[in-house]
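Participant: Before we start, here is the structure in question, set down as structure tokens.
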Amino acid sequence: MFAVLAFCLVAFVAAQTPRPCTTPPQWEANIFDHNQQQKFTVRGRLSYDAAYRRERMVEEVIIGSTDDAFDVIALFDSNTEYVYDFKNHNCSRRKIDRRWRDFGIRPDATSFGEAYIGSSAAPGL
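Residues -15 to -1, 1 to 110 in mature numbering (1 follows the signal peptide of the UniProt record, and there is no 0) are what the sequence shown lists, from first letter to last.
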């Protein structure tokens, strides 16, 4: 009986077809970029939507002692980008000057293995 159960378990596991990893089509992330030599800092929130090919970034840009804040909505299907300047309270529309970048995992992607950055002495940091 145990042999039959073990055989069925092995057959069940071997019959499964592997599925590639996928990324969600919609997600949000916090953005932070700092360059001390150029005295340049960007903080923001990125909303990404691969289903409708659009992005939104609400960002604060600090260059030296000058700070600005923008809300940028990029609609790649219509090749249009809307930029709202919070400081000057104006909205402008312009043509997108970059191509759509899909953040998904490519179908032909292969794994290079795993790596850990940081200390294993303090898990969760």
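All C-beta atoms in this analysis are idealised placements derived from N, C-alpha and C, irrespective of residue type, glycine included.
1. Can you find a C-beta in chain B that's less than 7 Å from the C-beta of Thr65?
2. May I have the straight-line CA-CA distance separating Val57 from Thr2, to the nearest angstrom?
3. My assumption, with CB atoms under 8 Å, is that Glu45 sits in contact with Leu31. Please give the rounded CB distance.
4. Is it buried or exposed, Ala36, if we count other Cβ atoms within 10 angstroms and call 16 or more buried?
5. Taking 6 Å as the cut-off, is the beta-carbon of Pro5 closer than that to any non-hydrogen atom of the ligand GTP?
6. Output needed for residue 121: all residues of its chain with C-beta closer than 6 Å, excluding positions within five of it in sequence on either side, in chain order.
7. Let me make sure I understand the geometry here. Which of Asp52, Pro5 and Arg78 has the alpha-carbon closest to that of Asn64?
8. Can you find the residues in the same chain that come closer than 7 Å, C-beta to C-beta, to Thr51, ignoring five residues on each side of it along the sequence?
9. Measure the Cβ-Cβ separation of Asp53 and Lys80 and say whether it is below 7 Å.
10. Closest to Gly29 by CA distance: which of His19, Gln21 and Val43 is it?
Facilitator: In terms of the structure at hand:
1. Although the question refers to chain B, the structure presented lacks it and comprises just one protein chain.
2. Looking up residue 57 in the sequence shown gives position 72. Looking up residue 2 in the sequence shown gives position 17. Spanning the two alpha carbons is a distance of roughly 42 Å.
3. Mapped onto the sequence shown, residue 45 falls at position 60. Mapped onto the sequence shown, residue 31 falls at position 46. Under the criterion of beta carbons closer than 8 Å, Glu45 and Leu31 do not qualify as touching, at roughly 13 Å.
4. In the sequence shown, counting from the first residue as 1, residue 36 sits at position 51. It counts as exposed.
5. Questions concerning the ligand GTP fall outside what the structure shown contains, since it holds no ligand whatsoever.
6. In this structure the chain extends from -15 to 110, so residue 121 is not present and cannot be described.
7. Your numbering for residue 64 matches position 79 in the sequence shown. Out of Asp52, Pro5 and Arg78, the CA that lies nearest to the CA of Asn64 is found in Arg78.
8. Looking up residue 51 in the sequence shown gives position 66. Cβ neighbours of Thr51 beyond the five flanking positions: none.
9. For the purposes of this step, residue 53 is taken as the residue at position 68 of the sequence shown. For the purposes of this step, residue 80 is taken as the residue at position 95 of the sequence shown. Cβ atoms of Asp53 and Lys80: not closer than 7 Å.
10. Position 44 of the sequence shown, counted from the start, is the residue given in the question as residue 29. In terms of Cα proximity to Gly29, the closest of His19, Gln21 and Val43 is Val43.
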